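Undergrad: Each residue of the sequence shown is one higher than the last, beginning at 1 in full-length UniProt numbering.
Cβ coordinates follow ideal geometry from the N, Cα and C atoms, glycine included.
Treat the numbers as computed from the prediction; the structure is a model and nothing was measured.
The structure under discussion is supplied below as structure tokens; questions concerning it will follow.
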Amino acid sequence: MGPVRVTNLVYPVENNRSFNDKYYTRSLANGENYDRPWLVYSQLKNKVFCFCCVLFKNGLSSPLTNANQGYNDWGNISGRLVEHEKSSSHMLSMKAWKETELRLKKIVTIDVSHEKAINKEKEYWKDVL
Numbered sequence: 001m002g003p004v005r006v007t008n009l010v011y012p013v014e015n016n017r018s019f020n021d022k023y024y025t026r027s028l029a030n031g032e033n034y035d036r037p038w039l040v041y042s043q044l045k046n047k048v049f050c051f052c053c054v055l056f057k058n059g060l061s062s063p064l065t066n067a068n069q070g071y072n073d074w075g076n077i078s079g080r081l082v083e084h085e086k087s088s089s090h091m092l093s094m095k096a097w098k099e100t101e102l103r104l105k106k107i108v109t110i111d112v113s114h115e116k117a118i119n120k121e122k123e124y125w126k127d128v129l
């Protein structure tokens, strides 16, 4: 669950730079690589966004977290992505996203709880009447 990632596109070039699929992966100094499932590229805007921070705002306001703005400074994107993913507000948004994802998989959402309460109330009134 989450954003759909389209890869292997021909990205528009601005100032001799462009988005690259490599930004979807964080490479650590020890050689390990981690996927960035939260990173969304918009073909329409030629900008990237943080999926979880746009959906679950936690105080930080930046182009990555603003659905109307986006980020496209391709010359500085690597550092900006690392800075963003280390921020406490991003971590809180990631946590909220993953918790929501788990609840939806387990069908333990507010709607389900509300539906159970309604059904319980219906049963009560059936018994009373």
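Out of Glu32, Asn66, Ser88, which one is the CA nearest neighbour of Val54?
TA: Numbered from 1 along the sequence shown, position 54 holds the residue referred to as residue 54. Among Glu32, Asn66, Ser88, the Cα nearest to that of Val54 belongs to Asn66.
Undergrad: Can you have a look at Ser42 and say buried or exposed, based on whether 16 or more other CB atoms are within 10 angstroms of its CB?
TA: As a working mapping, residue 42 is identified with position 42 in the sequence shown. Exposed, because fewer than 16 other Cβ atoms sit within 10 Å of the Cβ of Ser42.
Undergrad: Over the uninterrupted beta strand (DSSP E) stretch that includes Lys47, give me the two end residues.
TA: Translated into positions along the sequence shown, residue 47 becomes position 47. Note, Lys47: beta strand (DSSP E), 47 to 50.
Undergrad: Among Ile118, Ser62, His90, which residue has its Cα nearest to the Cα of Arg36?
TA: Here residue 36 corresponds to residue number 36 of the sequence shown, with the count starting at 1. Ranking the options by Cα distance to Arg36, first place goes to His90.
Undergrad: Which residues mark the beginning and the end of the alpha helix (DSSP H) in which Ser78 is found?
TA: Mapped onto the sequence shown, residue 78 falls at position 78. Per DSSP, Ser78 is one residue of the alpha helix (DSSP H) stretching across 77 to 86.
Undergrad: In its own chain, which residues sit with a C-beta less than 6 Å from the C-beta of Tyr11, not counting the 5 before and 5 after it?
TA: Within the sequence shown, residue 11 is the residue found at index 11, counting from 1. Answer for Tyr11: Ser18, Phe19, listed in chain order.
Undergrad: From which residue to which residue does the beta strand (DSSP E) around Leu39 run?
TA: Residue numbering aside, residue 39 sits at position 39 when the sequence shown is read from its first letter. From DSSP, the beta strand (DSSP E) with Leu39 extends over 39 to 42.
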